[in-house]
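J.:
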Amino acid sequence: MEFEYIVVGSGNGACGFLSRYLDSQAKGKVLVLEEGEDFFYSSDIAHQLNWLKSFSEGKIFKLHNTQTPNGIPIISGRACTMGGGGSINYTMIHESSEWLSAHVGQPVGYWQDLKQKLNYKFNRDDPREDLSPITQHVLKIATKAGFRESNDEFENIPNHPEQDEKLLHLFPSLFNPFGQRTHSGVSIVNWFDDRIVLRTQCRVQHLDFEATDSGELRCSAVHVKNLVDETSECISLKETCKVILCAGAATPRLLQPYREKTGQGEIGHHVSDHILLPLGLYIPKEGIVTTPKDNYVPVFATTLWRDDPDSEATVCTFDFFAGDFDRLIFLVSHLFLALLLPNCLKRKVIKYPKLFTFTKNAVRILIQIVAFFINRVRIVWNGLTGKPSQQELELVTAILKFKPRSAGYYVKDSSRITLDFFAPDPNTNFNQDKEVAKTVIKDHIDFLNELGYQPHWFVKCLLRCLTRIPYTKGQVDNYVETYSRKFLLTEQHLAGGCLYGSVLDKGLDNPEDTGKVSGTHNVHVADLSSVPLPRVSPQMTAYLLGFHVAEQLRVGR
């Protein structure tokens, strides 16, 4: 069978690309190669009552071997399934059209129109309708703390504006009140279209290139390993076939061996992910009931940090999580994997997937045991004092995330990725990442403490002993200093590695060249690897980048 396109990966960028391609009248078939399992036959992801469980399964969520230049391990990973990260969690907000125009090309108006087209496919309801009690509570206390609700959106999906304000962005939940998934990025693609040939549990190992008369390299074959029967296969490409790389963090890895041949020495550079700092655990106040869809509260609270009025602002985002402890424990264990393990053990964990799964489950069980005894004591105490005994322990918590000052890179001939978190300025020794974290947490600690009741003093002391998570301004500096040495954690969405304007053609002269790796004839990139790390959660940007490449290839033809 001959293919018009071979799409490597089926994550956010691939879903965007395929969705737009299927809008066209093109008859050519598309082969999609996905390393993970078929979304429609892995119901624990697609329809599960507890989407957070995905974070504890090594076959779905895989760790990168990520460290700082000084060798401090970082808990950073990727979703290995159809739909990518959007099949596990969901963070629906677009980067600004001005930012996209600057980094990818095309006028601002083009990106406004493209967002409208893409968002229409998600078919999301107005997030302001039927707000849960915990969502209403977050909005209320955030407004009191000086945040203002943003109305910048397309088809009910928020857009980050270029404004110097503290903003609240409501985004649509993908879950019903029972916590069941009703939508995903997978939903925007008709996977049963005759033009799509989907092969899951197939890992692309490398590409074959041959020289052309123009001097460019043409990808002539894709080598694939079947992960089920451990066999390998070489798929030959017809003359007009294009390879669309949507493999996320694996995209720069596939291109890295050909840096010299293509003349693109920047492949594998300018890589980054958001620094993520876990914040306090709280107990919801009386009358505020959590629901299963509140596991990820559909509100972003964004604020800006600047060193001086003329410098570029760092966008800082607060995410909120709430729910029964039994559900939230899968997410909490993911965060606490970074907080509880010593660096010497984490260096081993990030290299060996089976050890990661074992360690993560061990951390989760440890937390559950501690929580069991705390819960028993609480029930007994409530009984002695005549207070009602609540059956389920509910929690609400938050995280802070922001883009680090310095970018990292893929280490050549190694599985390692270097991310330069909390790196001081080599000239002034000023540590911007530390200053951002300290300032923003201190400025908002009173707001965070309004999320709920603080835990019992003994529980809080135990929590702070293990994690240093602050509840007062005076505790913030120590937490950030300790975190920067021992607790490094990312949002799990790597970006960069082969950027537009250096490695990739912006397609401004010829739309058919959009996303094409310079020096090649038929290899394009259509995922987050093609841009620097967006300032806000990048999932919608990833969908849009795939959508953009398909749109331009469609225009060109």
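Under the UniProt record's numbering, the first residue of the sequence shown is numbered 1, with each subsequent residue one higher.
In this text, a Cβ means the ideal position worked out from N, Cα and C, and glycines have one as well.
Kindly indicate which three-state DSSP category P404 falls into: helix, strand or coil?
T.: Of the three classes helix, strand and coil, the one that applies to P404 here is coil, per DSSP.
J.: How about A407 and P309: do their beta carbons lie closer than 9 Å?
T.: Contact: no.
J.: Taking the C-alpha atoms as reference points, what is the distance between H103 and R535?
T.: Each residue's Cα considered, the two are about 12 Å apart.
J.: Leaving aside the five residues before and after G507 along the sequence, list all residues of the same chain whose C-beta is less than 6 Å from its C-beta, in chain order.
T.: The answer, listed in chain order, is D513, T514 and Q552.
J.: Which residues does DSSP list as the beta-bridge partners of E153?
T.: Paired residues: P158.
J.: For a quick check, are the C-beta atoms of I60 and L33 less than 9 Å apart?
T.: It is not a contact, given that the beta carbons lie outside the stated cut-off.
J.: Under a three-way DSSP split, which group does Y500 fall into?
T.: Three-state DSSP puts Y500 in a strand.
J.: Report buried or exposed for L18, applying the criterion of at least 16 other Cβ atoms within 10 angstroms of its Cβ.
T.: That one is buried.
J.: Less than 8 Å between C-beta atoms, sequence neighbours within five positions excluded: which residues of the same chain meet that for D446?
T.: So the qualifying residues of the chain are A145.
J.: Could you have a look at H47 and say whether DSSP puts it in helix, strand or coil?
T.: With a pLDDT of 47 at H47, under the threshold of 50, the predicted position of this residue should be treated as unreliable, and no value is reported.
J.: Tell me which residues share the same chain as C234 and place their Cβ nearer than 6 Å to its Cβ, disregarding the 5 neighbours each side in the sequence.
T.: Closer than 6 Å at Cβ, skipping near neighbours: A221 and H223.
J.: For the alpha helix (DSSP H) that contains N431, what are its first and last residues?
T.: N431 -> no alpha helix (DSSP H), and no H or E assigned at all.
J.: Quick test of the definition: if touching needs 3 or more C-beta pairs under 8 Å, does the region 416-425 touch the region 480-491?
T.: Contact holds: three or more Cβ-Cβ distances are below 8 Å.
J.: So within the region 62-145, which uninterrupted alpha helix (DSSP H) runs reach at least 4 residues, ignoring any that extend past its ends?
T.: Within the region 62-145, the complete alpha helix (DSSP H) runs of at least 4 residues are 97-104, 108-122 and 133-144.
J.: CA-CA distance, L276 and T467?
T.: Computed Cα separation, rounded: 14 Å.
J.: Under DSSP, the alpha helix (DSSP H) around K360 begins and ends at which residues?
T.: Residues P353 to T385.
J.: Compute the Euclidean distance between the alpha carbons of N12 and L328, then round it to the nearest angstrom.
T.: Roughly 25 Å separates the two Cα atoms.
J.: Taking DSSP as the reference, what is the three-state secondary structure of G263?
T.: Reduced to three states, the DSSP call for G263 is coil.
J.: Put F175 into one of helix, strand or coil per three-state DSSP.
T.: Three-state DSSP puts F175 in a strand.
J.: Counting C-beta neighbours from all protein chains within 10 Å, is the total for T81 16 or more, i.e. buried, or is it exposed?
T.: By the neighbour-count rule (16 or more Cβ atoms within 10 Å), T81 is buried.
J.: Using three-state DSSP, classify L335 as helix, strand or coil.
T.: DSSP places L335 in helix when its eight states are reduced to three.
J.: So, do the region 284-297 and the region 318-326 have three or more beta carbon pairs nearer to each other than 8 Å?
T.: Taking 8 Å as the limit for Cβ pairs, the verdict is that the region 318-326 does touch the region 284-297.
J.: Where does D413 land, buried or exposed, given buried means 16+ other C-beta within 10 angstroms?
T.: That one is exposed.
J.: Give the straight-line distance between the Cα atoms of I350 and H64, rounded to the nearest whole angstrom.
T.: About 6 Å.
J.: Identify, in the order they occur along the chain, each residue of the same chain with its Cβ nearer than 7 Å to the Cβ of G77, setting aside the five sequence neighbours on each side.
T.: Result list for G77: F61, K62, L63, H64 and Q492, in chain order.
J.: Is it buried or exposed for C465, if we count other Cβ within 10 angstroms and need 16 for buried?
T.: Burial call: exposed.
J.: Where do the ends of the beta strand (DSSP E) carrying S220 lie?
T.: From DSSP, the beta strand (DSSP E) with S220 extends over L217 to N226.
J.: Does DSSP classify T240 as helix, strand or coil?
T.: Coil at T240, not helix or strand.
J.: By alpha-carbon positions, which one of L448, I75, P257 and S187 ends up nearest to Q205?
T.: It is P257.
J.: Report yes if the C-beta distance between I283 and L335 is below 9 Å; otherwise report no.
T.: No, Cβ-Cβ distance for I283 and L335 is not below 9 Å.
J.: Is it true that the CB of A301 sits closer than 9 Å to the CB of residue 562?
T.: With the chain running from 1 to 557 in the structure shown, residue 562 is simply not present.
J.: Determine, using beta carbons only, whether L489 and I93 come nearer to each other than 9 Å.
T.: Not a contact, by the Cβ cut-off of 9 Å.
J.: Could you name the residues of the same chain whose beta carbon sits closer than 7 Å to that of T303, not counting the 5 residues immediately before and after it, in chain order?
T.: Excluding residues within five positions, the ones whose Cβ falls inside 7 Å are K166, C316 and V440.
J.: Excluding the 5 residues flanking N478 on each side, which residues of the same chain have their C-beta closer than 7 Å to its C-beta?
T.: If we look at N478 and ignore the five residues flanking it on each side, its Cβ neighbours are R468.
J.: How big is the Cα-Cα spacing for L504 and V517?
T.: In a straight line, the C-alpha of L504 is about 5 Å away from that of V517.
J.: May I have the straight-line CA-CA distance separating S10 from H548, to the nearest angstrom?
T.: Answer to the nearest angstrom: the Cα atoms are 16 Å apart.
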